[in-house]
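Peer 1:
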Amino acid sequence: MTSKNHLLSIGEATSDVSLSDRVQVFLPKWKLRDVEQREINSVTKKSDITIPSLVFLSQNVVVKNFETRPVRVGQVSIDIFKSIVERLPIDLDPKVGATHIDDEKYWKRVCVAKYGEVVSSQIEYHGLTWKRLFFERYCEEFLLNEESIQKNANLFQKVNDYVFTLRLKGLPSKEITNEIISRLSNLNKIEISFLDSKNIINEEIATWFGGALQKSHSIISLSVSGNQMDDNTSRMLINGLIHNNTLTYLDVSCNKISCNGLRVLLKGLLEKPNSILSVLNVADNHIQAEGGRSLGRILRTNTSLVDLNIRLNSLGDEGGKMVFEGLHKNSTLTRLNIASNRLASDAANALAIALTQDCCELCVLDLSSNQLCNDDIENLGIALQNNYTVISLDHRLNNNMDTIYLNENETALKIDNIINRN
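The sequence shown begins at 4 in the working numbering and counts up by one.
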């Protein structure tokens, strides 16, 4: 009876709420939270709804407005900045990219998208950096469009730190060329080539281009190969380079320069007492024996030239002889390519004497495609016995030598052994 009344009293005390509902009030709060979370997860899974974080949404706003309101590391953390850069478009204004983005992954993405996968093989020519590759290629295209240049007058200031080499298919106007050389203070190498005979370096262009180079304090390498330059044109260019004090590399190969033009070049750039030109390429021009005389005279006194390429000219035996006689007192030239010049015995004898001189520093010598005979090679082999500087000697394809001689003669083998010894 007592238990029955007790149950009724409990029922009466909980008249509007069931006992099980009342008990739930006293469950631990953590269980309620667990139940709620399972319900939320169940709803989310069913609807497959992804709720982006506030950080992600904020980054989207920054990416969308990066061109007008760019951010820097410092304003945001490094990790967040990397995440922003990963999502930036590849067609971002280059002036903004130059100033605010240094991430190489971004610039590789831009370069590959713009130029294709083949661009990966070109990065070594651009300091092994993708950012430099992009801006050098961009400027090479941009500089031939004068309308674009006028609309982007401040471009040079923005990209100056990333442009060291320009390979131009033609020259822009005189004004733009002066602007390039004066504003791109890190530019140290220029290569100019032309696609057709109508767009070449004529006397007028050579005059003002030489004048612009005269004012440069950074250009150390200049290539104007294949521009059909003759003696007069080269003279106009050299007149400007005479007063340039930074040029160390000059390539005027594949032009129409003859002995007179070569003489002016040598006198202007290598005869002056403060000459710093160390590499000269005059291959494939119209240089004959008299040009050999000029070269020989310069080599006797010059102390800056270390690399000379005069292959594919017409020095002949006499001209070659005078070049090698100049080496008798030269202690700086280390590389000489004199292939395809119709050299013969007189030239070979003069070279043999040069190789025995204590001052001789020749390391790499190309005598291929001349008219040397077996005796000439034997004389060179004797001269090389006491020479410890030559590490490469190419004497292939000489017209007056037997094929069997090249393969089996003891002197040829001795020369190879000497080269390997050195």
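From the three backbone atoms N, C-alpha and C, an ideal C-beta is built for every residue, glycine too.
1. Taking Ile-93 as the reference, give the member of Ile-203, Trp-110 and Asn-316 with the closest Cα.
2. Roughly how many angstroms lie between the CA atoms of Leu-95 and Pro-73, to the nearest whole one?
3. For Asn-423, is the classification buried or exposed, using 16 other Cβ atoms within 10 angstroms of its Cβ as the cut-off for buried?
4. Using 8 Å for Cβ pairs, my map puts Asn-333 next to Arg-303. What's the rounded Cβ distance?
5. Does the Cβ of Gly-295 have 16 or more other Cβ atoms within 10 Å, making it buried, or fewer, making it exposed?
6. On a CA-only basis, which of Asn-389, Pro-175, Leu-400 and Leu-265 is nearest Ile-421? Give me that one, please.
7. If you follow the alpha helix (DSSP H) that Glu-328 is part of, which residue opens it and which one closes it?
8. Mind reading off the beta-carbon distance from Val-393 to Leu-358? Whole number of angstroms is fine, and I expect it under 8 Å.
9. Closer than 7 Å by C-beta to Lys-161: which residues in its own chain qualify, once you throw out the five before and the five after it? Chain order, please.
10. Which runs of the alpha helix (DSSP H) at least 4 residues long sit entirely within the segment 70-121? Give them in chain order.
11. Just to confirm my understanding: we take Asp-397, look at its own chain, exclude 5 residues before and 5 after, and list those with CB closer than 8 Å. What are they?
12. Please confirm whether Leu-272 and Leu-244 have their CB atoms less than 8 Å apart.
13. Can you tell me whether Val-309 is helix, strand or coil according to DSSP?
14. What did DSSP end up calling Thr-168 once you bin it into helix, strand or coil?
15. Quick check: the Cα distance between Gly-214 and Gly-299, rounded to an integer number of angstroms?
16. May I have the straight-line CA-CA distance separating Asn-63 from Val-88, to the nearest angstrom?
17. Check each candidate in Asn-377, Asn-373 and Asn-425 and name the one with the smallest Cα separation from Leu-3.
18. Hey, how far is the Cα of Lys-218 from the Cα of Phe-59?
19. For Ile-193, does the three-state DSSP call read helix, strand or coil?
20. So, helix, strand or coil for Asn-181, using DSSP?
21. To the nearest angstrom, how far is the alpha carbon of Arg-345 from that of Gly-329?
22. Find out if the Cβ-Cβ distance for the pair Glu-274, Ile-313 is shorter than 8 Å.
23. Ignoring anything shorter than 4 residues or poking outside the segment 187-260, list the alpha helix (DSSP H) runs there in chain order.
24. In its own chain, which residues sit with a C-beta less than 8 Å from the C-beta of Arg-186, not counting the 5 before and 5 after it?
25. So, is Asp-379 buried or exposed, given that buried needs 16 or more other C-beta atoms within 10 angstroms?
26. DSSP puts Asn-401 in a beta bridge; with which residues?
27. Run through DSSP, which three-state label would Asn-340 get?
28. Between the alpha carbons of Asn-181 and Cys-257, how many angstroms are there, rounded?
29. Since Thr-210 and Met-232 are thought to touch, with beta carbons under 8 Å apart, how far apart are those beta carbons, to the nearest angstrom?
30. Spatial neighbours of His-220 within its chain, please: C-beta separation below 7 Å, excluding the five flanking residues on both sides.
31. Suppose you measure from the CA of Lys-108 to the CA of Leu-169; what does that come to, to the nearest Å?
32. Are Gln-291 and Gly-319 touching if we call contact CB-CB under 8 Å?
33. For Glu-139, count neighbouring Cβ atoms within 10 angstroms of its own Cβ and tell me buried if that reaches 16, exposed if not.
Peer 2: Well, looking at it:
1. Trp-110
2. 11 Å
3. exposed
4. Between the beta-carbon of Asn-333 and that of Arg-303 there is about 7 Å, and that keeps the pair under the 8 Å contact cut.
5. buried
6. Asn-389
7. Its alpha helix (DSSP H) spans residues 319-329.
8. 7 Å
9. Lys-98, Ala-101 and Thr-102
10. Segments of the alpha helix (DSSP H) lying fully in the segment 70-121: 81-89, 97-103 and 107-118.
11. Ala-342, Leu-368, Asp-369, Leu-370 and Ser-371
12. yes
13. In the structure shown, Val-309 sits in coil (DSSP, three-state: anything other than H, G, I, E or B).
14. strand
15. Cα to Cα, Gly-214 sits roughly 29 Å from Gly-299.
16. 11 Å
17. No statement about residue 3 is possible, as the shown extent of the chain runs from 4 to 425 and does not include it.
18. 52 Å
19. strand
20. Helix.
21. 18 Å
22. no
23. Within the segment 187-260, the complete alpha helix (DSSP H) runs of at least 4 residues are 206-217 and 234-244.
24. Phe-159, Gln-160 and Asn-163
25. buried
26. Per DSSP, none; premise fails for Asn-401.
27. The answer is strand: DSSP assigns Asn-340 an E or B state.
28. Separation of Asn-181 and Cys-257 (C-alpha to C-alpha, rounded to the nearest whole angstrom) is 26 Å.
29. The pair is not a contact, with the Cβ atoms about 12 Å apart (cut-off 8 Å).
30. Thr-249
31. 23 Å
32. Cβ atoms of Gln-291 and Gly-319: closer than 8 Å.
33. Counting of Cβ neighbours within 10 angstroms places Glu-139 among the buried residues, the total reaching 16 or more.
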